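Asker: Dumping the structure here so I can ask a few things about it.
Residue numbers (the working numbering): 9 to 322.
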């Protein structure tokens, strides 16, 4: 008997939440219909058809006096929508949950958030794309072994850095290159450089910038075996800053997983969803995304902190 009553209450609760989130989704439409009908004397039927809402739903809204619980559900639905839109439609359930906790102090069940997103027809637009890898013959003299060995866990900041180059396009199929260093400890971008040329200087500038930002660091820096990382200039830089070098095995892209994961996130959340008419617009866009990634993109495994927030408490 208790189980039957519990089941009945659960079903009623689900129906109530669906109804209140539907109100949150349609309330602006209902208000517009109400104003047009009263100010311009347009037909309610025609307005409802144009807005793709039912007349019965509109009249229920007119007659309804939401309970406190319904008002709270509507407000939560509106906050979920705001956070989702502010993330450029990239936040999923868990990051929205982090944002609600961080920004509003609300602890909302993930099922409630998922239901609200479904009812409001809000779907993440990101797509996961398998990256392409172009391998260039390396200099055997300065090739190093894979001392990381796919152990991507770091116990402190600046213990393990991962670096790589990715190419991008802008304008009329013109190419640009971004070189970056990511810290395995907090997933923060230690440094990055954007260039129209894929050469040794691009890598040297990236590593030099990383040490300028962290002058006392003595990390292991992992890379692939591309010509930039096996060059004489890179070898000289390693001696200058006294870092250890680790390199992926040939054709084993997963050996460099932390930075490859970042490329996938950057491209799916930002790059593939836009067109860049010029090199300056691409450069500005990358700067904007990395600032967002570092300071506004909450990481659930870090307790809802951003990469730079987590780095500061290390």
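Backbone N, C-alpha and C define an ideal beta-carbon position, used for all residues, glycine too.
Only a predicted model underlies this, so the values are computations on that prediction, with no experimental measurement involved.
#1: Quick one: residues in its chain with C-beta nearer than 6 Å to the C-beta of residue 143, no 5 flanking neighbours on either side, listed in chain order?
#2: Out of 263, 40 and 297, state which residue places its alpha-carbon closest to the alpha-carbon of residue 275.
#3: Report yes if the C-beta distance between residue 258 and residue 190 is below 7 Å; otherwise report no.
#4: Let me know the alpha helix (DSSP H) ranges lying completely inside the region 213-269, each 4 residues or longer, listed in chain order.
#5: What three-state label does DSSP hand residue 170 in the structure shown?
#6: What residue from 38, 179, 51 and 268 has the CA that sits closest to residue 187's CA?
#7: Could you give the C-beta distance for residue 229 and residue 271, rounded to a whole number, given that I count them as a contact under 8 Å?
#8: Using C-beta distances below 6 Å, list every residue in its chain close to residue 150, excluding the 5 sequence neighbours before and after it, in chain order.
#9: May I ask you to list the residues that DSSP assigns as paired with residue 201?
#10: Using C-beta distances below 8 Å, list every residue in its chain close to residue 178, excluding the 5 sequence neighbours before and after it, in chain order.
#11: Starting from the C-beta of residue 52, find all residues in its chain whose C-beta is less than 6 Å away, skip the five residues before and the five after it, and write them out in chain order.
#12: My understanding is that residue 164 touches residue 307, with C-beta atoms under 8 Å, so please give their C-beta distance in whole angstroms.
#13: List the DSSP bridge partners of residue 178.
#14: In angstroms with no decimal places, state the Cα-to-Cα distance between residue 79 and residue 55.
#15: Is it true that the CB of residue 302 sits closer than 7 Å to the CB of residue 154?
#16: Report buried or exposed for residue 125, applying the criterion of at least 16 other Cβ atoms within 10 angstroms of its Cβ.
#17: Straight-line CA distance for residue 84 to residue 36?
#18: Would residue 236 be called buried (16 or more neighbouring beta carbons within 10 Å of its own) or exposed?
#19: What is the DSSP secondary structure of residue 101, counted as helix, strand or coil?
#20: Have a look at the DSSP bridge pairing and note the partners of residue 313.
#21: Going by DSSP, what residue range makes up the alpha helix (DSSP H) through residue 54?
#22: In chain order, what residues of the same chain have a beta carbon less than 7 Å from the beta carbon of residue 282, not counting five sequence neighbours either side?
#23: Classify residue 227 as buried or exposed, calling it buried when 16 or more other Cβ atoms lie within 10 Å of its own Cβ.
#24: Whose C-beta lies closer than 6 Å to the C-beta of residue 278 among residues of the same chain, with five residues either side of it excluded?
#25: Helix, strand or coil, according to DSSP, for residue 158 in the structure here?
#26: Applying the criterion that 16 or more other CB atoms from any shown protein chain within 10 Å of the CB defines a buried residue, is residue 157 buried or exposed?
#27: In chain order, what residues of the same chain have a beta carbon less than 6 Å from the beta carbon of residue 203, not counting five sequence neighbours either side?
#28: Should residue 166 and residue 225 be called a contact, given that it needs their Cβ atoms to be closer than 7 Å?
#29: Give a yes or no on whether the C-beta atoms belonging to residue 215 and residue 245 are separated by under 7 Å.
#30: Decide if residue 87 is buried, meaning its Cβ has at least 16 other Cβ atoms within 10 Å, or exposed.
#31: On the three-state DSSP scale, how would you describe residue 113?
Answerer: If we stick to the structure as given:
#1: Because the pLDDT at residue 143 is just 47, under 50, the model does not fix this residue reliably, and the value given afterwards should be weighed accordingly. Same-chain partners within the cutoff: there are none.
#2: 297
#3: no
#4: 240-249
#5: strand
#6: 268
#7: Not a contact, Cβ separation roughly 17 Å.
#8: 238 and 243
#9: 187
#10: 184, 284, 285, 286, 287, 289 and 290
#11: 45
#12: About 17 Å separates the two Cβ atoms, so there is no contact after all.
#13: 182
#14: 25 Å
#15: no
#16: buried
#17: 15 Å
#18: buried
#19: helix
#20: 307
#21: 52-59
#22: 293
#23: buried
#24: 297
#25: coil
#26: exposed
#27: 185 and 210
#28: yes
#29: yes
#30: buried
#31: coil
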